[in-house]
Amino acid sequence: QAISGGRFVLGIGAGWNEEEYLAYGWPYPSARVRIAQLAEAIQLIRAMWTEAPASYHGQYYQVANAYNEPRSGEKYLLRVVAQHADWWNYGFRDAESYTHKQAVLKEHCREVGRDYEEITQVIRAGILIAESETALKQLRGQPHVRPMGDGGITGTPEQVTEMLLGIIEQGAGRLTVHFVDSPG
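Take my numbering: the last position of the sequence shown gets the number 184, and nothing is skipped along the way.
(1) For the beta strand (DSSP E) holding G156, just list the boundary residues, first then last.
(2) Taking the alpha-carbon positions, what's the M48 to S55 distance?
(3) Which residue from Y76, W16, G11 and E20 puts its Cα closest to that of I45?
(4) Given that a residue counts as buried once 16 or more other Cβ atoms are within 10 Å of its Cβ, and exposed if not, what is G141?
(5) Can you confirm whether the stretch 112 to 124 touches the stretch 172 to 181 when touching is taken to mean that 3 or more C-beta pairs between the two stretches lie within less than 8 angstroms?
(6) R93 lies in the alpha helix (DSSP H); which residues open and close that run?
(7) Kindly indicate which residue of I168, G155, L165 and H144 has the alpha-carbon position closest to the one of V180.
(8) Would you check if the distance between the CB atom of Y61 and the CB atom of A31 is smaller than 8 angstroms?
(9) According to DSSP, which residues form a beta bridge with R114?
(10) Can you tell me whether F8 is buried or exposed? The criterion is at least 16 other CB atoms within 10 Å of its CB, across all chains shown.
(11) Out of curiosity, what's the CA-to-CA distance linking L128 and Q37?
(12) Excluding sequence positions up to five away, which residues of its chain have a Cβ less than 7 angstroms from the Cβ of A85?
(13) Are L165 and T154 closer than 8 angstroms when you measure CB to CB?
(14) Would DSSP call V180 helix, strand or coil?
(15) What residues in its chain sit with their C-beta under 7 angstroms from that of V63, if we drop five residues either side in the sequence?
(16) Would you tell me roughly how many angstroms separate the C-alpha atoms of E19 and V177, rounded to the nearest one?
(17) Alpha carbons only, please: which of V80, W26, G113 and V160 is nearest the one belonging to E133?
This is the structure we're talking about:
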């Protein structure tokens, strides 16, 4: 974030393209292993971004007393948004986290003399819809459904509609959604 002026966005996944693995001479593990590696990678990255030194000991990745300086974080990114951005792109996890980030951004706006309302909030969210809770549970277990991590919007059509309207009422000016059960 320090080098990019707060514009860096890390987007990682579980690795779906076998051709890319093979091109680098890496074995292409099963989806279960790739997802486990992704989970560990996220934990390791978060540790590297928030702890100094950071240690992580997983099945696939290990570091001991490692440093990642300068570290990223909401204090820097949201301050840059307050100072310079017209839009703020936020990956939705849940309403409480969104409320917290909004409060941090409002405080930074106040500190730099910026009108918080000038910044368009763009909310990115993964969505999974099913006709019932039972159908939703069954759908989550299907191999074509991408993992949603620790957030996203799930439910019946009515529940998802209510959640999206709540996000808009909370301040989102734009929504960018992806349906986690869509192909590709």
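Ideal placement from N, C-alpha and C gives every residue a C-beta, glycine not left out.
For clarity, every value in this text was computed on a predicted model and none was experimentally measured.
Taking the geometry as given:
(1) Correcting the residue identity first, residue 156 is Thr in this sequence and not Gly. Boundaries cannot be given for T156, as no beta strand (DSSP E) includes it and DSSP labels it neither H nor E.
(2) Distance between the alpha carbons of M48 and S55: 8 angstroms.
(3) Nearest to I45 by C-alpha distance, out of Y76, W16, G11 and E20, is G11.
(4) G141 should be labelled exposed.
(5) With the cut-off at 8 angstroms, the stretch 172 to 181 and the stretch 112 to 124 touch.
(6) Element bounds for R93: n/a, residue is neither H nor E.
(7) If we check each option's Cα against that of V180, H144 comes out closest.
(8) No, the pair does not count as a contact, with Cβ atoms beyond the cut-off.
(9) Answer is none; R114 lacks a bridge partner.
(10) If you draw a 10 Å sphere on the C-beta of F8, you find fewer than 16 other C-beta atoms in it, and that means exposed.
(11) Straight-line Cα distance between these residues: approximately 23 angstroms.
(12) Cβ neighbours of A85 within its own chain (closer than 7 angstroms, five residues either side excluded): I119.
(13) Between L165 and T154, the C-beta gap is not smaller than 8 angstroms, which leaves the two residues out of contact.
(14) Here DSSP, grouped into helix, strand and coil, assigns V180 to coil.
(15) Taken in chain order, the residues that qualify are L44, A54, S55 and Y56.
(16) Rounded to the nearest whole angstrom, the CA to CA distance from E19 to V177 is 27 angstroms.
(17) Among V80, W26, G113 and V160, the Cα nearest to that of E133 belongs to V160.
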